[in-house]
Structure formats: C-alpha cells, structure tokens
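Just below is one structure, and these are the notes that go with it.
There are 2 protein chains.
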Amino acid sequence: MAVEIERKFLPAGDGWRGLAAGTHYVQGYLAADRACTVRVRLAGASAFLTVKGHGDGLARPEFEYPIPATDAAQLLDLCPLPLVEKTRFRIPLNGLVWEVDEFAGNNSGLVLIEVELASPDQPLEKPDWVGEEVSTDPRYSNAMLARYPYWTWAGS
Amino acid sequence: MAVEIERKFLPAGDGWRGLAAGTHYVQGYLAADRACTVRVRLAGASAFLTVKGHGDGLARPEFEYPIPATDAAQLLDLCPLPLVEKTRFRIPLNGLVWEVDEFAGNNSGLVLIEVELASPDQPLEKPDWVGEEVSTDPRYSNAMLARYPYWTWAGS
C-alpha cells in the first residue's frame, strides 16, 4: 500500500500549455462508495487497477496494480457510463511533478492540476499558472466527475 | 481476461474429507452489484484481486491479479463485514479439479463444491460425494454469502 497525499488546484491561465506532451487517459469506476473507489485506468499504452480508501484530509491509502491494456478495455465495459476522459500533462518542476488534466467528453472545459506530496504539510511553491485550491471540494474528484460530469454543473 | 465456467454442488456425505489438504481463505468484496464483483482474497500465503462480470448462464468473465498478501490484509479492511472465511480442499480427479469449500464464521455449517469446466456443456462424471447442483441458485455465490450469510437462512 502507498499513501496518496495530493493537493488539487484550478489553473490560472494556460501557461502550462506546451510544457509537456500529453497522454490520453480513459478511466471508469467499478466501485465508488463511502468505503473505497475501484478505478480502471487506461493511460496511453499502460493500464492500472487502483483501489483507494478514504483517508483523513489530503491523504488516502492507495493500492495500484498494473494490468494488461486489453484487460482494461474489457474492464471499462463493466464500469457505469459515462467514463472519464482526459489528457494528462506531467510537468516536473523543482522536485515536484505537477499533473495537469485537461478533461474531454462530458467534462470538457474542465482543467484540474494535481500535485503529489510526501506529507500533507510539505511547503509548496506554486507556478504562476496554478490558481485556486480545490483539494477539499468533492465535486472535483474523478469518481464524482464520472457520476456528475462538469457539463451538469449548470450555474455553478 | 479469462472466462470462468463453473458448476456448483452441495456435498453428498463427507467422502471428500481426507482427499486433500486444505488452504484457509478469507475474502471480501469491494464491490458486489449487478455489473460486477470486485473480490479481495487471501488464500494461505497468496492473495488476489479479482473482478468478475456477470455472464450468461454458467460462464462469467473473470480478471484475476496476484497482489501482495500484505496489501490484501489492508484491502480486506475496506470491505464491508462480514468477510467470507472457508477452507478450500482442491481434489484433482479424472482431469478435473473439484474444489470443496468448507465455510466458517457466519457461514459455518455450509459446504459447497465447485468445478471449473472448459465449456458449459462439458460432460461431468461426479464422484459419489457430490450431490445436488446449485449452480443457478444465487444464494450460493460467495458475494451473496458475504451479505446474507448461511446462518441467516432460517427455515430455508
């Protein structure tokens, strides 16, 4: 088991564009309830089956297993629709990796930026294209975006 | 992906005892709904994360991945209680492997016998300790036994 400690932000402008090549992600959820999420992710030519528990604050237990991409395609067929589609840009900067997710499909128009930390209180020097923090807003979890896509957030 | 083709029986007597050494299994379900089940299984010193879809009749799509036993112990903590506990006796006979599951805990008193086949219509020579077939009785799926354990079947 790993512990995932992650902070999440909205972008401030698009200064992140062009800093990294993107990888196409398709993911779905075999389970997404109070106790855990079970995610199937096809990431370019790689694929993963990932179980995340619910942790305290920014930290969550995470169990990730690489699986054959052909399995992932079939497992995605077992997931409720819609699937979450996005392009991920991994941008290394000062010892951290900023992951910019530009969503597509039902979440088109949404860009989220995540950064994984070694501890919840690790000091963070944000690049100027990183804006408002949304770490504690449940709408921005990918499991919630599968169920309540961005385009349904009318008026928000 | 594999396709699991399985028939399931109640025992007829205990002629199966002593034919094989048993392995202790503990398993739980991260998901168990109409689309799929996600099972965590600790089998002796081995452990597996398994996704099963719902197939037609006796055949189900199955995706099984070995995982570290230490992960399995932590993943079982994320599963709803009660967990399913049993001792499995694997008995090879005429080219088939009969798996006798003697349940414990909340399913104590229940013995189920499973056999995996290459095709649903494969001819089957049953040993005399194999009794009534319950392949299509949903109560006997392990995912259902987790939710509605054998001891709750009062009067059945």
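Chains as they are written, first to last, in full-length UniProt numbering: chain A, 1 to 156; chain B, 1 to 156. Backbone N, C-alpha and C fix where the C-beta goes; we use that ideal spot for every residue, glycine too. Source: prediction; values computed, not measured.
Not a single C-beta of chain B is nearer than 7 Å to the C-beta of Gln-27 of chain A. Per DSSP, the continuous beta strand (DSSP E) segment holding Gln-27 of chain A begins and ends at 22 to 32.
Residue contact check for Phe-63 of chain B against chain A: a CB pair falls below 7 Å. Considered as a whole, the UniProt domain "CYTH" (2 to 147) of chain A harbours 2 to 11, 22 to 32, 36 to 43, 46 to 53, 59 to 66, 84 to 93, 96 to 103, 111 to 116, 130 to 133 as its complete beta strand (DSSP E) runs of no fewer than 3 residues, in chain order. Nearest neighbour of Thr-70 of chain B by Cα position, chosen from B:Ile-91, B:Phe-63, B:Ala-45, turns out to be B:Ala-45. Ile-67 of chain B reaches chain A at Phe-63, Tyr-65, counting residues in chain order whose Cβ is nearer than 8 Å.
Taking 7 Å as the CB threshold, Val-84 of chain B stays off the interface with chain A.
Annotated as distal: Gly-18 of chain A and Trp-129 of chain A, with beta-carbon spacing of 7 Å or more. For Trp-153 of chain B, the three-state secondary structure derived from DSSP is coil. Contact holds between the segment 106 to 125 of chain B and the segment 80 to 98 of chain B, because three or more Cβ pairs, one in each stretch, are under 8 Å apart.
Nearest in C-alpha terms to Gly-95 of chain B, of all of B:Asp-77, B:Thr-37, B:Asp-56, B:Glu-116, is B:Glu-116. Residues Met-1, Val-51 of the same chain have their beta carbon placed closer than 6 Å to that of Phe-63 of chain B, with the five preceding and five following residues left out of the count. With contacts defined as CB atoms closer than 7 Å, Ile-67 of chain B and Ala-43 of chain B fail to qualify as a contacting pair.
Cα atoms of Glu-102 of chain B and Pro-127 of chain B: separation of roughly 17 Å, rounded to the nearest angstrom. The Cβ of Ala-35 of chain A sits closer than 7 Å to at least one Cβ of chain B. A residue is called buried when at least 16 other Cβ atoms come within 10 angstroms of its Cβ; Val-97 of chain B does not meet this threshold and is exposed.
Here Pro-120 of chain B really is in contact with Gly-57 of chain B; their C-beta atoms are around 6 Å apart, less than 8 Å. If you check the CB distance, Ala-72 of chain A and Val-40 of chain A come in under 7 Å. Listed along chain A, the residues sitting closer than 7 Å to Val-38 of chain B by beta-carbon distance are Leu-30, Ala-31, Val-38.
Against chain A, the beta carbon of Pro-80 of chain B has neighbours under 8 Å at Ala-35, listed in chain order. With respect to the 7 Å criterion, Ala-12 of chain B and Phe-89 of chain B are not classified as neighbours on the basis of their beta carbons. Relative to Met-144 of chain B, the option among B:Arg-7, B:Gly-28, B:Gly-22 whose CA is nearest is B:Gly-28.
By the criterion of a C-beta distance shorter than 8 Å, Ala-31 of chain A is surrounded in its chain by Thr-37, Val-38, once the five residues flanking it on both sides are discounted. Out of A:Asp-137, A:Arg-147, A:Glu-99, the CA that lies nearest to the CA of Cys-79 of chain A is found in A:Arg-147.
Neighbourhood of Met-144 of chain A in chain B, by CB distance below 7 Å: empty, with the nearest CB roughly 17 Å away.
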